[in-house]
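J.: Chains as they are written, first to last, in our numbering: chain H, 1 to 335; chain W, 1001 to 1335.
Beta carbons: idealized from backbone N, C-alpha and C, even for Gly.
This one's a predicted model, so the numbers in the text were calculated from it and none came from an experiment.
Structure provided below as structure tokens; questions to follow.
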């Protein structure tokens, strides 16, 4: 069982690595780490304005990697781009729950069809690649018990959850049937520098961070007692690397999860303390969000802890402080 | 709790009923029952040659219903066709497991995207309709225990299983979020008159029936000890009607299942006895089937039995005899 301080350099030095959604939040943080490790990094991103891709996210390392602007829905482009890649981090996705209800077809094309395209491209053109899929706690739906482990029933509450579920299971089936080396990580709320803060469509955390920095009033839906868990993006990046370097992870599904579950009310208070100022209002749930809300959620990440030694290293307090610092400095590039 | 001898006439008399996949096996048997009950029946079917649609299936009642040839992938056509329908039996689907692996995109379009189209069409144009979705035991994958109940983990082993899972969950989510009156029936192996017997792509049962009638040798894959359960199509039709007339079924998922699980070896022997002749060979699993085989399967149908009083009425022996009789008389229309 490797400790979280695994030295990833021997594995990634000189490795050819593709990241779909590479200009997005998690993709760009991963790219920074991989560049440090000496990997040959190719980022693929569609730069669809309302999604998370942002060229600024890699402005400081743009000479140390390659960027290919392409939409994962472009089946033929994808077929070319996967060729020769040794590791593929498949992070491109539509992540807004409300968007998935308003335009279920776009969500379907990106989160379902494109996953099939990537797997078909690898099956025919690059069957040796390691493929890491960024799945989501959303596929569990409203928890039947807490914390939610990987055996929890899959009962998504919105189109996005259904489509991510299908996308994940393509990866599992292509492993079992064709021997592709796939792994799925079911992420919980991830936050940190380079996240999208433009509006609340993707995450309320990003929106809150922006509002704090702009001295606006945060809005908490419902009674604020909903519990969530959070991972700082660096911890998620470590998990992504761990499932690559450990062959035993191939074909597996792992939850990530936070060490410090917190209610939204307490989170807002923590953010305001860290920001040394700010205020919030408690407002009724907007109807379109209420209908797909999942109540409390905390993830059980003991499987990846036991098998791969992963554990979150950054406290919520520390991670939020770093993130606030980042947006105080760089907000103009994200709004 | 209504007994299985529920009189469906008061409900269906004069009702406007749409059946997608209406010229197929289950759809056409359902159409016969509905016409008897006095419903106004509209069948929609694509008549794609390699699928199950067959105009002969309703030749004897073609003056008592309407047929509209259309593909459920035609989003605009569907939007028109659902208008004014009081009950929609959503049976159109790609059902071949091996086809889903060979052409995953076609399976995706039919089993995922078209389901979304139908639900979106109803949401915007006919939110009052009752919508019954024909799901499948395939979404459970390889059973973790037997008999498989509705709480069994969903871990499909092929693209078809994943896509049917997504299609089913769209129905569930559109119920919870938009109040559409949807029900999902998870069917096990269904057999009977009007099933597709052209080849073994969809069901081995159809293929065996044809081979028996044509005095060919049946082939059993593996060791023949795999257990399956079977429903005669009339029992499935009764289940489809029961979930419509019982409002309590709305938003629910129900397994169907057979009363007499049987190994493939014993099934072959039973068929040969009923046919008063025939032979079988035991042959190794073809590789493409082995990889997606689920081992033994029997379904637990106690939920629908307790809640709606459904229970299979036709014994396997009786049902197979009727089916053999049908194909002895009508085989020419099915090959």
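1) If I'm right that residue 97 of chain H touches residue 158 of chain H with Cβ under 8 angstroms, what's the distance once you round it to whole angstroms?
2) How many angstroms separate the CA atom of residue 1100 of chain W from the CA atom of residue 87 of chain H?
3) So with Cβ pairs under 8 angstroms, would you call residue 1148 of chain W a contact of chain H?
4) Give the straight-line distance between the Cα atoms of residue 1014 of chain W and residue 1130 of chain W, rounded to the nearest whole angstrom.
5) In the segment 205-256 of chain H, which residue ranges form an unbroken beta strand (DSSP E) of at least 3 residues, counting only runs that do not cross its ends?
6) When the Cβ atoms of the segment 1267-1281 of chain W are set against those of the segment 1242-1258 of chain W, are three or more pairs found closer than 8 angstroms?
7) Enumerate, from N- to C-terminal direction, the unbroken beta strand (DSSP E) stretches of 3 or more residues contained entirely within the segment 26-96 of chain H.
8) Just the Cα atoms here: how many angstroms apart are residue 1043 of chain W and residue 1185 of chain W?
9) From what residue to what residue does the alpha helix (DSSP H) around residue 1303 of chain W run?
10) Ends of the beta strand (DSSP E) at residue 1191 of chain W?
11) Name, going along the chain, the residues of the segment 1089-1121 of chain W whose beta-carbon falls closer than 8 angstroms to a beta-carbon of chain H.
12) Once the 5 residues before and after residue 218 of chain H are set aside, which same chain residues still bring their CB inside 6 angstroms of it?
13) Pull up the distance between the alpha-carbon of residue 240 of chain H and that of residue 132 of chain H, whole angstroms please.
14) How is residue 166 of chain H classed by DSSP in three states: helix, strand or coil?
15) Check whether the Cβ atoms of residue 942 of chain W and residue 1282 of chain W sit closer than 8 angstroms, and answer yes or no.
16) Taking the beta strand (DSSP E) that residue 1281 of chain W falls in, what are its first and last residues?
17) Just to confirm, is the Cβ distance from residue 160 of chain H to residue 107 of chain H under 8 angstroms?
18) Here's a check: name, in chain order, each residue in its chain whose Cβ is nearer than 7 angstroms to the Cβ of residue 71 of chain H, leaving out the five neighbours to either side.
19) Thinking C-beta only, is residue 234 of chain H closer than 8 angstroms to residue 258 of chain H?
20) Is there a Cβ of chain W sitting closer than 8 angstroms to that of residue 162 of chain H, yes or no?
21) So residue 1116 of chain W and residue 1170 of chain W are supposed to be a Cβ contact under 8 angstroms. How far apart are they, rounded?
22) Is there a Cβ of chain W sitting closer than 8 angstroms to that of residue 140 of chain H, yes or no?
23) Specify the secondary structure class of residue 299 of chain H as computed by DSSP and reduced to three states.
24) When burial is assigned at 16 or more other CB atoms within 10 Å of the CB, is residue 1193 of chain W buried or exposed?
25) Could you check what DSSP says for residue 6 of chain H in three-state terms: helix, strand or coil?
26) Using a C-beta to C-beta distance shorter than 7 angstroms, which residues of chain W count as neighbours of residue 255 of chain H?
27) Excluding the 5 residues flanking residue 1028 of chain W on each side, which residues of the same chain have their C-beta closer than 7 angstroms to its C-beta?
28) Measuring only the C-alpha atoms, how far is residue 1123 of chain W from residue 1180 of chain W?
29) Using a threshold of 8 angstroms, state whether the C-beta atoms of residue 1226 of chain W and residue 1299 of chain W are closer than that.
30) Tell me which residues of the segment 1277-1303 of chain W have at least one Cβ-Cβ distance to chain H shorter than 8 angstroms, keeping chain order.
31) Sorted by chain position, which residues of the same chain lie with C-beta nearer than 6 angstroms to residue 1327 of chain W's C-beta, five sequence neighbours on each side aside?
32) In chain order, what residues of the same chain have a beta carbon less than 7 angstroms from the beta carbon of residue 263 of chain H, not counting five sequence neighbours either side?
33) So what does DSSP say about residue 18 of chain H, is it helix, strand or coil?
34) Going by DSSP in three states, residue 196 of chain H sits in which element: helix, strand or coil?
T.: Here's the rundown:
1) 5 angstroms
2) 27 angstroms
3) no
4) 15 angstroms
5) 217-221, 230-232 and 253-255
6) no
7) 40-45, 66-69 and 87-90
8) 20 angstroms
9) 1302-1308
10) 1189-1191
11) 1101, 1104, 1105, 1108, 1112, 1113, 1116 and 1120
12) 208, 211, 268 and 280
13) 7 angstroms
14) helix
15) Nothing can be reported for residue 942 of chain W: it is not among the residues displayed for chain W, which extend from 1001 to 1335.
16) 1279-1283
17) yes
18) 46
19) no
20) yes
21) 6 angstroms
22) no
23) strand
24) buried
25) coil
26) Residues of chain W passing the Cβ test: none, with the nearest at roughly 15 angstroms.
27) 1022, 1057, 1058 and 1194
28) 7 angstroms
29) no
30) 1291 and 1292
31) 1209 and 1213
32) 224, 225, 226 and 227
33) strand
34) coil
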